[in-house]
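Quick notes on the structure that follows.
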Amino acid sequence: MLHIGGARTALYNWLLARGSGGQFVLRIEDTDRERSTPENVEQILEALRWLELDWNEGPLSQWERRDAHAAAVQQLLGEGRAYEDEGAVRFRVPEEGEITFQDAVLGDVTNPFSAIKDFVIQRSDGSPLYNLAVAVDDRDMGITHVVRGQDHVSNTPRQLMLLRALGANPPVYAHIPLLHGPDGKKLSKRHGAASVQEVRDQGYLPEAVRNYLALLGWGYDESTTFMTTGELVERFTLERVSKNPAVFDEQKLRWMNGHYMRELPPEDLHHRLEEFYSRSIPVEIVAISREKMQTLADFWPLAGALVDPPTEFDDKAWSQWGTSPHLPAVRSALADANGWDPEEVEAILRKLVDERGVKPKEVYQPIRVALTGKTVSPGIFESVAALGREETLARLDKALARAE
RNA sequence: GCCGCCAUCGUCUAGGGGACUAGGACGCCGCCCUCUCACGGCGGAAACCGGGGUUCGAAUCCCCGUGGCGGUACCA
1 MLHIGGARTA LYNWLLARGS GGQFVLRIED TDRERSTPEN VEQILEALRW
51 LELDWNEGPL SQWERRDAHA AAVQQLLGEG RAYEDEGAVR FRVPEEGEIT
101 FQDAVLGDVT NPFSAIKDFV IQRSDGSPLY NLAVAVDDRD MGITHVVRGQ
151 DHVSNTPRQL MLLRALGANP PVYAHIPLLH GPDGKKLSKR HGAASVQEVR
201 DQGYLPEAVR NYLALLGWGY DESTTFMTTG ELVERFTLER VSKNPAVFDE
251 QKLRWMNGHY MRELPPEDLH HRLEEFYSRS IPVEIVAISR EKMQTLADFW
301 PLAGALVDPP TEFDDKAWSQ WGTSPHLPAV RSALADANGW DPEEVEAILR
351 KLVDERGVKP KEVYQPIRVA LTGKTVSPGI FESVAALGRE ETLARLDKAL
401 ARAE
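In this text, residue positions in the first sequence follow this note's numbering: the first is 1, and each later residue adds one.
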């Protein structure tokens, strides 16, 4: 599971690394012993792959670099920078003074030493703690930039002290704002789309998610909203990252996703829908649904009845339109059609509307209900054309029979 | 409690002393388009947390307050 906030952090890291032309070396900060099992890391990498963020997998810090961490602790112990305390090892923090670091988004952050206790860097069982592990890893892996959530700001002085004690050049730190739920509190599962996996299953496009995530806590100028990944890479800078926490707004993501769906070449959209539903879908039906969807998951409720015949009729829809007196005339007019394309169908139906002197809706809605069982579908001319003459007439007959 | 960070429409944000009667976007409301649902077009309501300073002039700088968040672990 890759939390949406984590995905945004990963995206910022990625944009920065790409934008630097390979000069920056970054690391996904996730040394959680529970989550950092190989399986869980694979899940995270899979989520990143879906977002199309290629990532060079490195070693799993606390699982695979124990020797390096232990050696660093020994070094600090030997130099008197750390001491043993009931089996655990603590780093010695000065009594007086303060420590300042420059943050690429927050500016200077200063902490008095008096607020930092001597902290444990190695447990009594010999395992390293987070602050020690990342400091050693940053040094050994030549990390140049650490971009992470603001929940890490107060860890930074500790890591900085460690880094200095270990004789390493500290990286550039950038703490990006946290994501909050709609209630203003920390984002949690109950707030809806919380993980990349869920967002994917809800039918969002990776390019839309990327674009949206980039804009949560960062903006390019006063009006640009849609940006390709290339533009994002080119334009992204830490200086423009906001200091304020953001709220994940699914409605805006939906809107943005709809835009990306409509931008997609029809064949591409068709392919993604078939992939999403794991089944084949007629390309014509996808084509006529394009303007009406915001997510891939919107397709079936909208046009599924055109793909597979409806098994039942919506009660309200049927009672309002199902027994329309115009239906028999529609049936025979269509049966006499010379051709079968949207234009031809439209001509026939418009003529019928004209002859009967009724509102277009009086004729079109009954057809829609007869064909799909519902009052919502793609355009009626396009739907009829896509269904084909035989299927259309068969469905009309079925509805006609039912009406008796 | 202590330490730190933050504070512009409901939401994401633009703004870095005069261009601000505060701009854009989502959402919302109205109108247009219209065969449903949408798309699209046009218009509208909607914000600088409060109080002191500094300055000819503050959303922008400083201080205080308030509020939110984070940390204060042999969690990450």
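A virtual CB, placed ideally from N, CA and C, is assigned to each residue, including glycine.
Flag this pair as yes or no: are the beta carbons of F91 and F119 separated by less than 7 Å? Taking the first residue of the first sequence as position 1, residue 91 is located at position 91. Taking the first residue of the first sequence as position 1, residue 119 is located at position 119. A distance below 7 Å separates the beta carbons of F91 and F119.
According to DSSP, simplified to helix, strand and coil, what is Q159? Along the first sequence, read from residue 1 onward, the residue named residue 159 stands at position 159. Helix.
Got a sec? Which residues, its chain only, sit under 7 Å from D108 by beta carbon, not counting five neighbours each side? The residue labelled residue 108 in the question sits at position 108 within the first sequence. Excluding sequence neighbours, D108 sits near T100 and Q102.
Consult DSSP for L11 and reduce its assignment to one of helix, strand or coil. The residue labelled residue 11 in the question sits at position 11 within the first sequence. Note: L11 maps to helix in three-state DSSP.
So, helix, strand or coil for G304, using DSSP? For this step, residue 304 is matched to residue 304 along the first sequence. In the structure shown, G304 adopts helical secondary structure according to DSSP, grouped into three states.
Between G339 and L179, how many whole angstroms is the CB-CB distance? I'm expecting something under 8 Å. Here residue 339 corresponds to residue number 339 of the first sequence, with the count starting at 1. Here residue 179 corresponds to residue number 179 of the first sequence, with the count starting at 1. No, G339 and L179 are not in contact; Cβ-Cβ is about 55 Å, not under 8 Å.
Per DSSP, what kind of secondary structure is Q102 in: helix, strand or coil? The residue labelled residue 102 in the question sits at position 102 within the first sequence. The answer is strand: DSSP assigns Q102 an E or B state.
Touching by the beta-carbon criterion (3+ pairs, under 8 Å), the region 291–308 and the region 198–209: The region 291–308 vs the region 198–209: in contact.
Residue closest to T392, alpha-carbon to alpha-carbon, out of K374, P378, A370 and W50: On the first sequence, position 392 is the one that residue 392 refers to. For the residues K374, P378, A370 and W50, the minimum Cα distance to T392 belongs to A370.
Would the beta-carbon of L51 fall within 7 Å of that of P206? Taking the first residue of the first sequence as position 1, residue 51 is located at position 51. Taking the first residue of the first sequence as position 1, residue 206 is located at position 206. Contact: yes.
Have a look at P325 and F381 and give me their C-alpha separation to the nearest angstrom. Here residue 325 refers to the residue found at position 325 of the first sequence. Here residue 381 refers to the residue found at position 381 of the first sequence. F381 has its alpha-carbon roughly 20 Å from the corresponding atom of P325.
Assigned secondary structure, S383 (DSSP; H/G/I helix, E/B strand, else coil): Counted from its first residue, the first sequence places residue 383 at position 383. Secondary structure of S383 (DSSP, three-state): helix.
Could you tell me which uninterrupted alpha helix (DSSP H) segments, each at least 4 residues in length, are contained entirely in the region 258–291, listed from first to last along the chain? Whole alpha helix (DSSP H) segments, 4+ residues: 266–277 and 283–287.
Is it right to say N211 is buried, meaning 16 or more other beta carbons lie within 10 angstroms of its own, or is it exposed? For the purposes of this step, residue 211 is taken as the residue at position 211 of the first sequence. Within 10 angstroms of the beta-carbon of N211 lie 16 or more other beta-carbons, which makes it buried.
Which whole-angstrom value describes the C-beta separation of D140 and L163, a residue pair presumed to lie in contact below a C-beta threshold of 8 Å? In the first sequence, counting from the first residue as 1, residue 140 sits at position 140. In the first sequence, counting from the first residue as 1, residue 163 sits at position 163. The Cβ separation is near 11 Å, so there is no contact.
Find the nearest neighbour of A47 within the set R81, Q159 and S195, judged by alpha-carbon distance. Residue mapping note: residue 47 aligns to position 47 of the first sequence, counting from 1. Comparing C-alpha distances from A47 to each of R81, Q159 and S195 shows the shortest one belongs to S195.
Determine the direct distance from the alpha carbon of A71 to that of E64, and round the result to whole angstroms. Here residue 64 corresponds to residue number 64 of the first sequence, with the count starting at 1. Here residue 71 corresponds to residue number 71 of the first sequence, with the count starting at 1. CA-to-CA, the gap between E64 and A71 works out to about 14 Å.
Can you check which of these residues, P245, S377, W300 and W218, is closest to V233 by C-alpha distance? Position 233 of the first sequence, counted from the start, is the residue given in the question as residue 233. Of the candidates P245, S377, W300 and W218, W218 places its Cα closest to the Cα of V233.
What's the C-alpha gap between A303 and H175? Reading the first sequence from its first residue, position 303 is the one you call residue 303. Reading the first sequence from its first residue, position 175 is the one you call residue 175. One C-alpha to the other measures close to 45 Å.
I'd like to know whether the C-beta atoms of E274 and I281 end up nearer to each other than 7 Å. Numbered from 1 along the first sequence, position 274 holds the residue referred to as residue 274. Numbered from 1 along the first sequence, position 281 holds the residue referred to as residue 281. In contact: E274 and I281 (Cβ atoms closer than 7 Å).
Please name the residue in K374, A337, E284 and V283 whose C-alpha comes closest to that of Q320. Here residue 320 corresponds to residue number 320 of the first sequence, with the count starting at 1. Measuring C-alpha to C-alpha distances from Q320 to each of K374, A337, E284 and V283 identifies K374 as the nearest.
Which partner residues does G142 have in the DSSP bridge list? Residue mapping note: residue 142 aligns to position 142 of the first sequence, counting from 1. Looking at the DSSP assignment, G142 forms no beta bridge with any residue, so it has no partner.
Give the straight-line distance between the Cα atoms of K351 and A335, rounded to the nearest whole angstrom. If you number the first sequence from 1, residue 351 lands on position 351. If you number the first sequence from 1, residue 335 lands on position 335. So the two alpha carbons sit approximately 14 Å from each other.
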